[in-house]
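*Asks:* Supplied in structure tokens, the structure appears directly below.
Numbering (the working numbering), first residue to last: 708 to 1808.
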């Protein structure tokens, strides 16, 4: 709303007259801090310091970038062309050596593969011997398997025989159970019939009883209706008599209690009247206590002000001691910091001398360039060692891959042959399985015609084929079990062959995949060998060593190690020197920063010392003012206490002190409240006694009326009771005390219960007869079924015994002992099949190895011995390794040069941008930057002070036409006045009197207020300091000046404890301290808010 922040609002409302008074009396060096504090212009010092710091930061970044650029060393274009030609020649030599290595490695692989095949044939002979031993051991298990397969053919017949036996046993058990329960079912049917007859007779008796009782029940029901009609008026009459009796009793009790209460009230009224007469003097307190309370509060406020003033004096004395001690400490610290600045100058010179000695006549850029060259050589040597080790591993892996290719190609051929054999075997087995399935289907069809064969008779033609001979009807049915067993065996063999074919296909695919992977890996390692050899050769060429490094040199590694040690020694020495230089430069930078900080600290300490001296003077003035104000408060308190003592002697309190005024006031309040309370009780007693007398007369009349009504109602009730008793006697003679509804319900329930019992007995009778019939039918059926089972069991048993003898079993027990479980039979069968597969597999492998050995012998790749070939490979590999090291060194050197060129160009761009940024900050530093912030602060304060003087002169013209403020040309912060009453003489503000100084400082404060408020009109101004040090004449001048401001429409507020101001200013707002950290405001327009107003104020913010 005002466009001002809090600080600017405070400067516009609270006039800093006291601060400008101190400004006018301060020395020139002390004025800048005081003016900065008054006007709030400390931001200009911060800006100046920050510009100085930012310029230093940008300078350091620029120096670091230029040092990094100086350490980069690039190759010339002629050197790059020469290295490229050497690299091409080395590559041609490397290709030739690679061809020689390939031929030698093929010869080594051929010889080693023939040796491996011979070793594998010996191993297969040992496996054949071990397999034969296991076949001999498995012979007993093979016999068990044959017997189990024969028993398996009879399993279906034996299962049918066992099923018939089990069914026969179950049916015989069921027949025994039925015969066991037959007598009990017969007895139950007889008993149900008897129960049914009894229930029919009981229902008829209940119906006769109901017809007899119905006329009597109707008569009794009519009497009950008449009795109920008379009950209602009788009950109403009784209730009315009871209510009247209760009211009569209540009225009598109330009359008695009111009589006793009236006696007691009259007695208490007489006692209270006597007490009021005895304390007649306290009646004045009701009217005068409020005034006494104000006098008490004023005395307490004066006492509190005096106590506060003594506390302020104590605090001011402590602050005075503290500021004196601070001023002394500031002086001591200033001297120490000046000595520290001198020591920093000496240390900085020593460090600069140490830096020149360490550099030994060269600059830092030359040493960094030398270190960079050594670091590059160190990296090249390390990369060369790693490349040589990688080359050795790759050559070994390449030889191993060649051998593996030969092995995989042989395995691929063997698997293809075995897979073709297994496919032929699968086709043969599938054909045999199809034939056996057809045969088994035909045999099962013959077996299914058993029912039709039982109807054939000898000599009669067959209805199907017309033949008169029926051999199958005589029991000569072909047995399908042998065909089924053969089919089972063939299916097992077919399943194993299919599994073998699937496994062979997987192995064949894996071998092909492995072979392809081996060829790819061999190619990759050959390429890697060539690449690593070139890398080593390039690195060696780039090292520029006195010893010629060639990969084929037998002592290549020893020479490289010697070169590495020499490089490490030189690099350590250069690094040590640069670390020392960096350390010294860091110390120099630290010392320079320390020097700058020490200068800033000395400047700041001088400022703080001046401020401490100003605070010391202000503390002495404050202490003197507080002591005078405390003396004035003491006199006012004694006068107020004497006046109050005279007033309260009238109420029997002889003497009071400041400490006992609260006790005395509380006694007066108690006496006043007691007088008011007794008067109130007196009025209440008079009203209560009159009310009791009226009430007792009214209650006596009601008692007489109620007693008459009770007698009339009792006579009416006696007549109604006589008629009621006559009807009750007649009912008891007919029906007793029984209820008609209950008797009707009893008779209906009895008939219903008898009807239900009859229905239940009928259902039980029907159920029992039905269950007995079902049991008889079940017994007949089971006897027929058991007879049929006997015939069928005999036929099946004879057929099974015949099959046992045909299969070679002596009896049924011999057959059962030969049977094996399905899992056991499968386990033994799998073991037999496994031995058979192993026999075939070993024979196949042996044939395969012999064919592979013959094929290898026909190749005749080389006549050289294996050791000569290996030696030749080692020699050629060494030569190629040296050559590839040279190639790798040249390539790395060219690559590093390209990287350095790119880095160099990037650094140039960064340095140009940083130089531009530093130039901007350096120009700004020349304008406003400084370590202590003085440069920009003094300039900005000079402009601000000049504008403020213009505003102050406009305010000063309103106060007086004698003076005009001007700045001193020699001192920007010096202020002079032109005295118009002295022919325009220019005077210093230090020569002004107290009143004149007040007017000048007030005009400056008003000018600052006008500047701070900008375009917002401020009509309320407050002064909070500056009056305590004015004499009588100066105080009159200040008050006249403020009165002139008030006439211009300004509301002027003076915040002060000076007693003279209180006497001269009529409109006052007093702040009275209370207990609990609270204060009370007294004055025009001040009042205590109500609860509603406080709530509304709280809710609206």
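All residues carry an ideal CB built from backbone N, CA and C; glycine is no exception.
How would you write the range of the beta strand (DSSP E) that residue 1762 sits in, first residue to last?
*Replies:* No beta strand (DSSP E) contains residue 1762, which DSSP labels as neither H nor E.
*Asks:* Could you name the residues of the same chain whose beta carbon sits closer than 6 Å to that of residue 1135, not counting the 5 residues immediately before and after it, in chain order?
*Replies:* Cβ neighbours of residue 1135 beyond the five flanking positions: none.
*Asks:* Below 8 Å on the Cβ atoms is my guess for residue 1248 versus residue 793; work out the distance and round it to an integer in Å.
*Replies:* Right, the Cβ-Cβ distance comes to about 7 Å (below 8 Å), so this counts as a contact.
*Asks:* For a test of the three-state rule: what should DSSP assign to residue 1655, helix, strand or coil?
*Replies:* Helix, per DSSP.
*Asks:* Provide the residue span of the alpha helix (DSSP H) that contains residue 1391, from first to last.
*Replies:* Taken as a continuous stretch (DSSP letters only), the alpha helix (DSSP H) holding residue 1391 covers 1368-1442.
*Asks:* Using a 10 Å radius around the Cβ and a threshold of 16 neighbouring Cβ atoms, would you call residue 1103 buried or exposed?
*Replies:* Exposed: under 16 other Cβ atoms inside 10 Å.
*Asks:* I need the straight-line Cα distance from residue 1796 to residue 1781, nearest angstrom please.
*Replies:* Each residue's alpha carbon lies about 17 Å from the other.
*Asks:* Return the first residue and the last residue of the beta strand (DSSP E) that residue 1365 is part of.
*Replies:* Looking at the DSSP string, residue 1365 is not in any beta strand (DSSP E), and its letter there is neither H nor E.
*Asks:* Counting only the same chain and skipping the five closest in sequence on each side, list residues whose C-beta sits under 7 Å from that of residue 917.
*Replies:* Cβ neighbours of residue 917 beyond the five flanking positions: 1454, 1458.
*Asks:* Kindly provide the ranges of any beta strand (DSSP E) runs that are 3 or more residues long and lie completely inside the stretch 1676-1709, ordered along the chain.
*Replies:* The qualifying runs are 1682-1686, 1692-1695.
*Asks:* What three-state label does DSSP hand residue 986 in the structure shown?
*Replies:* Correct three-state label for residue 986: coil.
*Asks:* Candidates 1369, 1352, 1368: which alpha carbon is nearest residue 1361's?
*Replies:* Nearest C-alpha to residue 1361: 1352.
*Asks:* From residue 871 to residue 1493, what does the alpha carbon distance come to, in whole angstroms?
*Replies:* Each residue's Cα considered, the two are about 11 Å apart.
*Asks:* Using 10 angstroms around the beta-carbon of residue 1087, count the other beta-carbons present and answer buried if the total reaches 16, otherwise exposed.
*Replies:* Buried, by the Cβ-count rule.
*Asks:* Whole angstroms is fine: what's the gap from residue 749's alpha carbon to residue 1673's?
*Replies:* Computed Cα separation, rounded: 24 Å.
*Asks:* Is residue 974 close to the ligand ATP? I mean its beta-carbon at under 8 Å from any heavy atom of the ligand.
*Replies:* No copy of the ligand ATP occurs in the structure displayed, which carries no ligand at all.
*Asks:* Do residue 1105 and residue 1236 have their C-beta atoms within less than 9 Å of each other?
*Replies:* Yes, the pair counts as a contact, with Cβ atoms nearer than the cut-off.
*Asks:* Measuring only the C-alpha atoms, how far is residue 958 from residue 1403?
*Replies:* Taking the straight line joining both Cα atoms gives about 10 Å.
*Asks:* Mark residue 1419 as exposed unless 16 or more other C-beta atoms lie within 10 angstroms of its C-beta, in which case mark it buried.
*Replies:* The residue is exposed, with fewer than 16 neighbouring Cβ atoms inside 10 Å.
*Asks:* Mind checking whether residue 845 and residue 1538 have CB atoms under 9 Å apart?
*Replies:* Yes, Cβ-Cβ distance for residue 845 and residue 1538 is below 9 Å.
*Asks:* With distances taken between CB atoms, is the gap from residue 1246 to residue 1558 smaller than 9 Å?
*Replies:* The answer is no: Cβ separation not under 9 Å.
*Asks:* In terms of alpha-carbon separation, which member of 1624, 1110, 1777, 1293 lies closest to residue 823?
*Replies:* Nearest of 1624, 1110, 1777, 1293 to residue 823, Cα basis: 1110.
*Asks:* Residue 769 and residue 1621 - do their beta-carbons sit closer together than 9 Å?
*Replies:* Yes; because the gap between Cβ atoms is below 9 Å, this pair is in contact.
*Asks:* Work out the CA separation of residue 1712 and residue 722 for me, nearest whole Å.
*Replies:* Unreliable placement is indicated for residue 722, whose pLDDT of 48 sits below 50; no coordinate value is reported for it.
*Asks:* Give me the DSSP bridge partner(s) of residue 1674.
*Replies:* Answer is 1682, bridged to residue 1674.
*Asks:* Is residue 1493 helix, strand or coil when you go by DSSP?
*Replies:* In this structure, residue 1493 counts as helix in the three-state DSSP scheme.
*Asks:* Taking the beta carbon of residue 879 as the centre, do at least 16 other beta carbons fall within 10 Å, making it buried, or is it exposed?
*Replies:* Per the 10 Å Cβ criterion, exposed.
*Asks:* Taking only the alpha-carbon atoms, compute the straight-line gap between residue 882 and residue 1472 and give it to the nearest angstrom.
*Replies:* Cα to Cα, residue 882 sits roughly 25 Å from residue 1472.
*Asks:* Ignore the nearest five residues each way along the sequence and tell me which others in residue 1094's own chain have a CB closer than 6 Å to its CB.
*Replies:* Answer for residue 1094: 1239, 1242, 1243, 1595, listed in chain order.
*Asks:* Below 8 Å on the Cβ atoms is my guess for residue 817 versus residue 1566; work out the distance and round it to an integer in Å.
*Replies:* At roughly 6 Å, the Cβ-Cβ gap stays under 8 Å, so residue 817 and residue 1566 are in contact.
*Asks:* Just grab the DSSP bridge partners of residue 1244 for me.
*Replies:* In DSSP, residue 1244 forms a bridge with 1592, 1593.
*Asks:* Out of curiosity, what's the CA-to-CA distance linking residue 1207 and residue 1545?
*Replies:* Approximately 12 Å between the Cα atoms of the pair.
*Asks:* Nearest to residue 798 by alpha carbon, out of 1694, 1598, 1791?
*Replies:* For residue 798, the nearest C-alpha among the options comes from 1598.
*Asks:* Cα-Cα, which of 772, 814, 755, 782 is closest to residue 1578?
*Replies:* Ranking 772, 814, 755, 782 by Cα distance to residue 1578 puts 814 first.
*Asks:* May I ask which residues mark the beginning and end of the alpha helix (DSSP H) holding residue 781?
*Replies:* Residue 781 -> no alpha helix (DSSP H), and no H or E assigned at all.
*Asks:* Who are the near neighbours of residue 1182 in its chain, counting only those whose CB is closer than 7 Å to its CB and skipping five residues on each side?
*Replies:* Confidence at residue 1182 is low in this model, with a pLDDT of 46, below 50, so the placement of that residue is unreliable and no value is reported for it.
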